[in-house]
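Numbering (the numbering used here), first residue to last: 15 to 202.
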Amino acid sequence: MTRTSGKRANTPSDLEAIRKAIVASRDLNRTCVTICGGTGCRVHGSEKVIDGLRAEISRNGIDADVRMTGCHGFCEQGPVVVIQPQAVFYRSVKPEDVPDIVHRTVARGEIIERLLYSDPVTGEKIIHEHEIPFYAGQTRYLLNLNGLIDPTSIEDYIAVGGYRALAKVLDGMSPEEVIEEVSRAGLR
């Protein structure tokens with residue numbers, strides 16, 4: 015992971031250069047195992063799951079990232095694990111599921127049926143996060159990346175355009191223009 019330490023953004027173009035460097039350093043096709051770090055998932059053991067995933071991936075020399083993310087919103091199914099870029103969604107993951115996830119899904123691309131979401135109406139097993147009815151009807155505007163980025167990583171935030179609005183404000187908007195922009199956006 016690229017670190018921003020030592021790099022300072024004094025202008026919007028400096029910030030954009032840092033963002034481009036972070037994005038360029040990342041392989042978007044590389045497997046990334048994301049684990050929900052929301053309160054509901056933490057209560058159900060997501061921290062033990064993430065520790066297990068990191069250890070198992072490292073121990074086996076598998077080329078994959080492991081990232082704790084913000085809340086995925088489906089707390090009753092937690093801990094939630096999503097393997098990117100395929101968006102394979104596993105629910106109610108326990109530490110004892112870690113070896114199967116790493117060796118079957120991460121290493122070989124196999125789907126683990128018992129960890130898939132099961133539609134309560136049809137009984138259908140659903141593989142991909144965006145196909146689950148709970149998510150399919152949602153359009154997330156402000157939190158659309160919370161299941162993808164680590165909320166404690168400034169690099170993740172900058173990589174997805176974080177601080178651009180602040181840079182725009184500091185680079186020449188008047189207080190009145192800022193108020194008008196926020197009012198027009200309908201944010202509360």
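By construction, the Cβ of each residue, glycine as well, lies at the ideal position given by its N, Cα and C atoms. Here the structure is a predicted model, which means the values were calculated and not measured.
For I146 and I49, what's the separation of their Cα atoms in angstroms? The residue given as residue 146 occupies position 132 in the sequence shown. The residue given as residue 49 occupies position 35 in the sequence shown. The straight-line gap from Cα to Cα measures roughly 17 Å.
Along the alpha helix (DSSP H) that carries P40, what are the first and last residues, could you check? By 1-based counting over the sequence shown, the position of residue 40 is 26. The question names Pro, but residue 40 in the sequence shown is Arg. Taken as a continuous stretch (DSSP letters only), R40 belongs to no alpha helix (DSSP H), as it is neither H nor E.
So what's K139 in DSSP terms, helix, strand or just coil? Start at 1 with the first residue of the sequence shown, and residue 139 comes out as number 125. Here K139 sits in strand by DSSP.
DSSP-derived helix/strand/coil call for S106: Here residue 106 corresponds to residue number 92 of the sequence shown, with the count starting at 1. Coil.
Three-way DSSP call (helix, strand, coil) for Y171 in this model: For the purposes of this step, residue 171 is identified with residue 157 of the sequence shown, where counting begins at 1. Here Y171 sits in helix by DSSP.
Counted within 10 angstroms of its Cβ, other Cβ atoms place L42 as buried (16 or more) or exposed: Walking along the sequence shown from the start, residue 42 turns up at place 28. It is exposed - the Cβ of L42 has fewer than 16 other Cβ atoms within 10 Å.
3-residue-minimum beta strand (DSSP E) runs that sit fully inside the stretch 60 to 102, ordered along the chain: 79 to 83 and 95 to 98
Any heavy atom of the ligand COA inside 7 Å of the beta-carbon of A35? The ligand COA is not part of the structure shown, which contains no ligands of any sort.
Could you pull out every residue in the same chain whose Cβ sits closer than 7 Å to the Cβ of I76, ignoring the five residues on either side in sequence? If you number the sequence shown from 1, residue 76 lands on position 62. Leaving aside the five residues that flank I76 on each side, the residues in its chain whose CB is nearer than 7 Å to its CB run, in chain order, V116, V120 and A121.
Grouping DSSP H, G and I as helix and E and B as strand, with all else coil, what is M15? Start at 1 with the first residue of the sequence shown, and residue 15 comes out as number 1. Residue placement at M15 is flagged as unreliable, the pLDDT there being 43, under the threshold of 50; the coordinate-derived value follows with that caveat. M15: coil per DSSP, three-state reduction.
If the criterion is Cβ atoms closer than 8 Å, does the pair V80 and I71 meet it? Taking the sequence shown and counting its residues from 1, one reaches residue 80 at position 66. Taking the sequence shown and counting its residues from 1, one reaches residue 71 at position 57. Yes, the pair counts as a contact, with Cβ atoms nearer than the cut-off.
What are the partner residues of C50, as DSSP defines its beta bridges? In the sequence shown, the residue the question calls residue 50 occupies position 36. Within the DSSP bridge table, the entry for C50 names T83 as partners.
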